[in-house]
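Here the structure is laid out as structure tokens; the discussion comes afterwards.
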Amino acid sequence: MKYERRTFPGGTHIQDFKGFTNSLETQEAKAPAKVYIPMSMHIGAPSKPLVAVGDLVKMGQKIGESQGFVSVPAHASVSGKVVGFQRMPIPNGRMADCVVIENDFKDEWLEGLLQTEKDPKSLDPKELAARILDAGMVGMGGATFPSHVKYAPSKEGKKADHIILNGIECEPFLTADHRIMLERPERIIAGLKYMMKLADCPKGVIAIEENKMDAFELMIKLTEADNTIETVVCKEKYPQGSEKQLIYSVTGREVPPGGLPLDVGVIVNNVGTAAAVADAVEFKRPLIDRIVTLNGNGVAKPMNYRVRIGTLYRDLIEQNGSVLGDTVKVISGGPMMGFAVYSLDIPVMKGTSGILVFNEESQVLKREEEGPCVRCARCVDACPMGLEPTSIVKAAKRRDWPEAKVYDVTSCIECGSCAYVCPSMIPLVHYIRLAKQYVTSKDGNGAVNPFLV
Ligand code: SF4
Ligand code: SF4
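Written as structure tokens, this is what we have:
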């Protein structure tokens, strides 16, 4: 059967390196001896610890309470004893306060959790929102925006007529979303139905990139009898999974600069989030684990693991049997938009989709020296936001921040497409990030931005 391939202007084709893990069943990672649960795994106010050193906790127990509306609680991912509080680095390079729990390896759940709801369809939107908040639900595609906030009624009365589940996963190496679509498709569809009820939205769309046709065909089969859900396939092109590009591909609508998806009647969520929402609603299961792709040429056995939140990167990499001696780079997330990490003693969080380990033989890391701009305009053609990356970079090199603003540097989504296609190996995104920081600093000149001193 032929299906229309949706797409967006700009973007680029990149080698996906997904073949190492996309056909392997997800493995359950062994829970470590200690977990480090950050009180800040989401956008918004950090959670406030509810436990003290010496407390015994069960799996799924709330150990951090949300503070304010844009915040979510944190839960114990193992049963055991609270042995300390530690301020430590987290994957995005910032520091966070963590509750340290020593695992008793009994895996005892808190009483009252994991009980099947008799009639989940009878829950009204208020009850659904309460369950999602109680479960500490956030966007698991990396944005980590609290889910109950995304689905709260808009003050301006804006309504969604489409909820799009993002099953694109366009970053190379990552296959966590691909595997969850193959392994837990019914949970994803159930979660989408709850999201539609929450937002009083008539239509759900599951969007999948064409390099995952097995998942696409499975979803088509499972949703064909439901005329409120459509499964669509999108062209394999980077950054197809970026929110604005996905909305354009699926609906043809353009989110205005500085605007939100809801401004054009859309809410976007990741497929993994949908499965976790279904578990939260039907079993009161808090978000205490997630699928993480462990990949890269420095990994002994590339694999997707279901990992307890708070597991140190080091523990997961060592349990995989990987030897880190000649490692030159570890990336949290994908190679295009992820963060290079400077310590392996950082915890897996709700938004950790992948851990990539590279040694010096990696082709991915090879970069030649920066050459002069040859004015080929490839970066302009590749930019999915319609920007002129080369002009922004020229302004940034002159430290002409007003000029960078004229070229709309703040609309850059830092996807890296421009740098990827540049034949002169100019690290365009580095310059663009710098310009963005100056332009968005309070005086527009970087003077009060602490990162620029
Ligand atoms: S300018 Fe920004 S949005 Fe455009 S390709 Fe480069 S990184 Fe992506
Ligand atoms: S792709 Fe590189 S060389 Fe070509 S115009 Fe852009 S910055 Fe210049």
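Letter by letter, the sequence shown follows residues 715 to 1167 in the numbering used here.
Note that beta-carbon positions come from the ideal geometry of N, C-alpha and C, so glycine has one too.
Predicted model only: the values in this text are computed from it and were never measured.
Excluding sequence positions up to five away, which residues of its chain have a Cβ less than 7 Å from the Cβ of residue i?
i	result
PHE1165	Note that PHE1165 scores a pLDDT of 48, beneath 50, so its modelled location is shaky; the value from the coordinates is reported in the next line. GLN1151.
THR1124	LYS1150, VAL1153, THR1154
GLY856	GLY1047, GLY1065, SER1067
PHE930	ILE922, THR945, VAL947
Strictly by DSSP, which residues pair up with residue i?
i	result
PHE1053	SER1046
HIS789	LYS776
PHE997	Partner(s): none; PHE997 has no beta bridge.
PHE1072	LYS1043
LYS762	GLU779
GLU944	VAL919
GLU1084	None; GLU1084 has no bridge partner.
LYS958	Beta-bridge pairing links LYS958 to no other residue.
Given a threshold of 16 other Cβ atoms within 10 Å of its Cβ, counted over all protein chains shown, does residue i qualify as buried or as exposed?
i	result
MET854	buried
ALA810	buried
ALA939	exposed
HIS862	buried
ASP891	buried
VAL1162	Residue placement at VAL1162 cannot be trusted, given a pLDDT of 47 that sits under 50; what the coordinates show is reported in the next sentence. Exposed: under 16 other Cβ atoms inside 10 Å.
LEU1001	buried
ASP993	buried
GLY1085	exposed
LEU912	buried
GLY826	exposed
ALA1014	exposed
PRO899	buried
How big is the Cα-Cα spacing for residue i and residue j?
i	j	result
THR846	SER1131	The question names Thr, but residue 846 is Ile in the sequence shown. The alpha-carbon atoms of ILE846 and SER1131 are separated by roughly 35 Å.
PRO1036	HIS789	The amino acid at residue 1036 is misidentified as Pro; the sequence shows Ser. For SER1036 and HIS789, the distance between alpha carbons rounds to 29 Å.
MET1063	ILE981	23 Å
GLU831	PHE997	6 Å
ILE943	LYS744	36 Å
ILE1069	ILE878	26 Å
GLU1083	TYR1134	14 Å
ALA803	ILE751	First, the residue type needs correcting, since residue 803 is Pro and not Ala in the sequence shown. Each residue's Cα considered, the two are about 12 Å apart.
LEU837	CYS812	34 Å
VAL1167	CYS1097	Residue placement at VAL1167 is flagged as unreliable, the pLDDT there being 37, under the threshold of 50; the coordinate-derived value follows with that caveat. If I take the Cα positions, the gap works out to 30 Å.
PRO1223	PHE734	Shown here, the chain extends from 715 to 1167; a query on residue 1223 therefore has no answer.
ASN1034	GLU1102	43 Å
Given residue i, which residues of its chain have a CB within under 8 Å of its CB, disregarding the five upstream and five downstream residues?
i	result
ASP769	LYS795, VAL796
ILE1060	MET802, PRO803, ILE804, PRO805, LEU1026, TYR1027, SER1046
HIS727	GLU950, LYS951, TYR952
Give every residue of the same chain whose Cβ lies closer than 6 Å to the Cβ of residue i, excluding the five residues on either side of it in the sequence, and list them in chain order.
i	result
GLU742	ARG1020
PRO916	none
SER1057	PRO803
ASN817	ALA745, ALA747, VAL792, GLY794
PHE731	PRO886, PHE887
Of all the beta strand (DSSP E) runs that stay within the bounds of the segment 800–829, which reach a length of 3 or more residues?
-> 809–817
Please list the segments of the alpha helix (DSSP H) lying wholly inside the segment 847–924, counting only runs of 4 or more residues, in order along the chain.
-> For the segment 847–924, the full-length alpha helix (DSSP H) segments reaching 4 residues or more read 861–864, 890–897, 899–912 along the chain.
Enumerate, from N- to C-terminal direction, the unbroken beta strand (DSSP E) stretches of 3 or more residues contained entirely within the segment 972–1032.
-> 980–984, 1003–1009, 1017–1022
Those runs of the beta strand (DSSP E) which lie wholly inside the segment 1103–1152 and span at least 3 residues = none
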